[in-house]
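One structure is given below, encoded as structure tokens.
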Amino acid sequence: MNILITGGTGFIGSKLIELLKTDGHSITVLSRSESKIENGVHFVQWMHNDKKPEQDLTPPDAVVNLAGVSINEGNWSEEHQKKIYDSRMEATDELLRILSTLRQKPDVFVNASAVGIYPTSETHVYTESSPEIAHDFLGKTVHDWERKASKMKEYGTRVVYTRFGTVFGKGGGALPLIALPYKLFAGGPIGSGQQWISWVHVEDVARAIYFAITTPSIEGPVNVTAPAPVRMSDLGKAIGSVMHRPHWLPVPSIAMKLALGKKSKLVLEGQHVLPEKLNESEFNFKHPAIRPALATILE
Numbered sequence: 001m002n003i004l005i006t007g008g009t010g011f012i013g014s015k016l017i018e019l020l021k022t023d024g025h026s027i028t029v030l031s032r033s034e035s036k037i038e039n040g041v042h043f044v045q046w047m048h049n050d051k052k053p054e055q056d057l058t059p060p061d062a063v064v065n066l067a068g069v070s071i072n073e074g075n076w077s078e079e080h081q082k083k084i085y086d087s088r089m090e091a092t093d094e095l096l097r098i099l100s101t102l103r104q105k106p107d108v109f110v111n112a113s114a115v116g117i118y119p120t121s122e123t124h125v126y127t128e129s130s131p132e133i134a135h136d137f138l139g140k141t142v143h144d145w146e147r148k149a150s151k152m153k154e155y156g157t158r159v160v161y162t163r164f165g166t167v168f169g170k171g172g173g174a175l176p177l178i179a180l181p182y183k184l185f186a187g188g189p190i191g192s193g194q195q196w197i198s199w200v201h202v203e204d205v206a207r208a209i210y211f212a213i214t215t216p217s218i219e220g221p222v223n224v225t226a227p228a229p230v231r232m233s234d235l236g237k238a239i240g241s242v243m244h245r246p247h248w249l250p251v252p253s254i255a256m257k258l259a260l261g262k263k264s265k266l267v268l269e270g271q272h273v274l275p276e277k278l279n280e281s282e283f284n285f286k287h288p289a290i291r292p293a294l295a296t297i298l299e
């Protein structure tokens, strides 16, 4: 297949490209850098002055939209939140414009999303059929992003919203922030410790995106989370066990809020999210349990 990717140089995108290359697919990445061919991947410059990347594109069979400023970066000031939001809206608008010019539309459009669309709760369990939508910054960002991506349905394209949980892996994601206190022998319960972490290994994220591309029955929202979410206290114990560090020093919520500002929400609040569609489609998770998954990253 010819597969077009935005955000292909990021934490998730780079893993996805490795997987797609292994299976021999033709990959084009829309990038802000100069156009080039590198390691068998065609990089086409976009979002730059008057560039018209559509002139250099072969109509793709599948599109994966991962573009956007990472929510794990910055301090979540009002300015930074605007960058997170605008980067997703502007990139998706430009991608939709590009695809509208192509004579042949893709069969499938996979748009990144997040479990942040669901309200935080220590008691509720969310699946793709849950109607609740959070009305905070993350909820609005994800809702608006999915709604914009849904415009591809007008061309008869199958649209999938991959709602990522808290992604763990080497070289990125949320784990470095959570594991740092343990490296300093100061790890322990964060906040109440009862908040849910619907986590997922980055390798399973890449595999789930590929699965969504190649499984015609999958469309709409897809929760990309491991089948066994954990409470923050249990995650901390697992990190301590894998790193051979103590899990003893409580970190009060106020300390996290002072250190991280509004971004502290990522570790102080959470959702219990299950990957119902992936389970029903018999997707095989490579990393279904938290401790073995952490061992591949932290050991």
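Each step along the sequence shown adds one to the number in the UniProt record's numbering, with nothing skipped, and position 171 is 171.
Don't be surprised by glycine CBs; every beta carbon is placed ideally from N, CA and C.
Three or more C-beta pairs closer than 8 Å, one from the stretch 191 to 204 and one from the stretch 161 to 179: is that the case here? yes
Return the first residue and the last residue of the alpha helix (DSSP H) that Ile5 is part of. As a first step, residue 5 is located in the sequence shown; it is residue number 5 there, counting from the start. Ile5 -> not in any alpha helix (DSSP H); beta strand (DSSP E) instead, spanning 2 to 6.
Leaving aside the five residues before and after Pro229 along the sequence, list all residues of the same chain whose C-beta is less than 6 Å from its C-beta, in chain order. Here residue 229 refers to the residue found at position 229 of the sequence shown. Excluding positions up to five away in sequence, the list reads Trp196, Ser198, His272.
Tell me the DSSP secondary structure of Ala114 in three-state form. Translated into the one-based positions of the sequence shown, residue 114 becomes position 114. Strand, per DSSP.
Report the rounded CA-to-CA distance for Glu128 versus Glu269, giving the unit in angstroms. By one-based count along the sequence shown, residue 128 stands at place 128. By one-based count along the sequence shown, residue 269 stands at place 269. So the two alpha carbons sit approximately 20 Å from each other.
Do Arg231 and Gly191 have their C-beta atoms closer together than 8 Å? Position 231 of the sequence shown, counted from the start, is the residue given in the question as residue 231. Position 191 of the sequence shown, counted from the start, is the residue given in the question as residue 191. Contact: no.
What span of residues does the alpha helix (DSSP H) with Ile239 cover, start to end? Counting from one through the sequence shown, the residue named residue 239 turns up at place 239. It spans 232 to 243 - the alpha helix (DSSP H) in which Ile239 sits, taken as one unbroken run.
Following the continuous alpha helix (DSSP H) through Ser14, name the residue where it begins and the one where it ends. The residue you call residue 14 lines up with position 14 of the sequence shown. Here the alpha helix (DSSP H) through Ser14 covers 11 to 22.
Reference Lys51, options Ser35, Arg88, Gly261, closest by Cα: The sequence position of residue 51 within the sequence shown is 51, counting from 1. Among Ser35, Arg88, Gly261, the Cα nearest to that of Lys51 is on Ser35.
With Phe225 and Pro275 assumed to form a contact (beta carbons below 8 Å), what rounded beta-carbon distance in angstroms separates them? By 1-based counting over the sequence shown, the position of residue 225 is 225. By 1-based counting over the sequence shown, the position of residue 275 is 275. The question names Phe, yet the displayed sequence has Thr at residue 225. So it is a contact: roughly 5 Å between Cβ atoms.
Per DSSP, what kind of secondary structure is Val69 in: helix, strand or coil? As a position in the sequence shown, residue 69 is number 69, starting the count at 1. DSSP places Val69 in coil when its eight states are reduced to three.
Could you pull out every residue in the same chain whose Cβ sits closer than 7 Å to the Cβ of Thr6, ignoring the five residues on either side in sequence? As a working mapping, residue 6 is identified with position 6 in the sequence shown. Correct list, in chain order: Leu30, Asn65, Leu66, Ala67, Ala91, Leu95.
Looking only at DSSP bridge pairs, what is Lys36 linked to? The sequence position of residue 36 within the sequence shown is 36, counting from 1. The partner list for Lys36 (beta bridge, DSSP) reads Phe43.
Runs of 4 residues minimum, wholly inside the stretch 163 to 250: which ones carry the alpha helix (DSSP H) assignment? 175 to 183, 202 to 214, 232 to 243
Starting from Thr123 and walking both ways along the alpha helix (DSSP H), at which residues does that stretch end? The residue labelled residue 123 in the question sits at position 123 within the sequence shown. Segment: none, Thr123 is in no alpha helix (DSSP H) and carries neither H nor E.
Would you kindly work out how many angstroms separate the C-alpha atoms of Arg97 and Phe185, rounded to a whole number? On the sequence shown, position 97 is the one that residue 97 refers to. On the sequence shown, position 185 is the one that residue 185 refers to. Those two C-alpha atoms are separated by around 51 Å.
Inter-residue spacing [alpha-carbon to alpha-carbon] between Asn111 and Lys21: Sequence index remark: in the sequence shown, residue 111 carries index 111 (1-based). Sequence index remark: in the sequence shown, residue 21 carries index 21 (1-based). Roughly 20 Å between the two C-alpha positions.
Whether Leu57 touches Ile209 by CB criterion (8 Å): Position 57 of the sequence shown, counted from the start, is the residue given in the question as residue 57. Position 209 of the sequence shown, counted from the start, is the residue given in the question as residue 209. No.
Neighbourhood of Gly156 by C-beta, 8 Å cutoff - its chain only, sequence neighbours within 5 removed: Your numbering for residue 156 matches position 156 in the sequence shown. Only Lys105 meet the Cβ criterion.
Selected residue, minimal CA-CA separation from Ile12, among Val159, Ala62, Asp144, Gly173: Sequence index remark: in the sequence shown, residue 12 carries index 12 (1-based). Nearest C-alpha to Ile12 among Val159, Ala62, Asp144, Gly173: Gly173.
So the alpha helix (DSSP H) Leu298 belongs to, where does it begin and stop? By one-based count along the sequence shown, residue 298 stands at place 298. Leu298 -> alpha helix (DSSP H) spans 290 to 298.
Quick one: residues in its chain with C-beta nearer than 7 Å to the C-beta of residue 300, no 5 flanking neighbours on either side, listed in chain order? Limits of the chain in this structure are 1 at one end and 299 at the other, which puts residue 300 out of reach.
Throw me the rounded Cβ distance for the Pro250 and Pro189 pair, which I believe falls under 8 Å. To locate residue 250, count along the sequence shown from 1; it is residue 250. To locate residue 189, count along the sequence shown from 1; it is residue 189. Between Pro189 and Pro250 the Cβ distance is about 5 Å, and since that is below 8 Å, they are a contact.
I need the straight-line Cα distance from Gly139 to Ile3, nearest angstrom please. Taking the sequence shown and counting its residues from 1, one reaches residue 139 at position 139. Taking the sequence shown and counting its residues from 1, one reaches residue 3 at position 3. Those two C-alpha atoms are separated by around 29 Å.
Considering only the alpha carbon of each residue, which of Asn284, Ala259, Glu219 lies closest to Gly74? Looking up residue 74 in the sequence shown gives position 74. When only C-alpha atoms are compared, the closest one is Ala259.
Spatially closest choice to His135 from Ser264, Lys151, Tyr118, by CA coordinates: The sequence position of residue 135 within the sequence shown is 135, counting from 1. Of the listed residues, the one whose Cα sits closest to His135 is Tyr118.
If you count every other CB in all the chains shown that lies within 10 Å of the CB of His48, and 16 or more means buried, which is it? Within the sequence shown, the letter at position 48 stands for residue 48. Looking at its Cβ environment, which holds fewer than 16 other Cβ atoms inside 10 Å, His48 is exposed.
Could you tell me the alpha carbon to alpha carbon distance between Ser9 and Arg163, rounded to whole angstroms? Position 9 of the sequence shown, counted from the first residue, corresponds to residue 9. Position 163 of the sequence shown, counted from the first residue, corresponds to residue 163. It should be noted that the sequence gives Thr, not Ser, for residue 9. The straight-line gap separating the alpha-carbon atoms of Thr9 and Arg163 is approximately 19 Å.
Cα-Cα separation, Ser113 to His244: The sequence position of residue 113 within the sequence shown is 113, counting from 1. The sequence position of residue 244 within the sequence shown is 244, counting from 1. One C-alpha to the other measures close to 34 Å.
By how many angstroms is the C-alpha of Ser217 removed from the C-alpha of Lys183? Position 183 of the sequence shown holds residue 183. Position 217 of the sequence shown holds residue 217. Rounded to the nearest angstrom, the two C-alpha atoms are 44 Å apart.
Between Gln55, Glu18, Glu78, which lies nearest to Lys262 when the distance is taken from Cα to Cα? The sequence position of residue 262 within the sequence shown is 262, counting from 1. When each option's Cα is compared against that of Lys262, the closest is Glu78.
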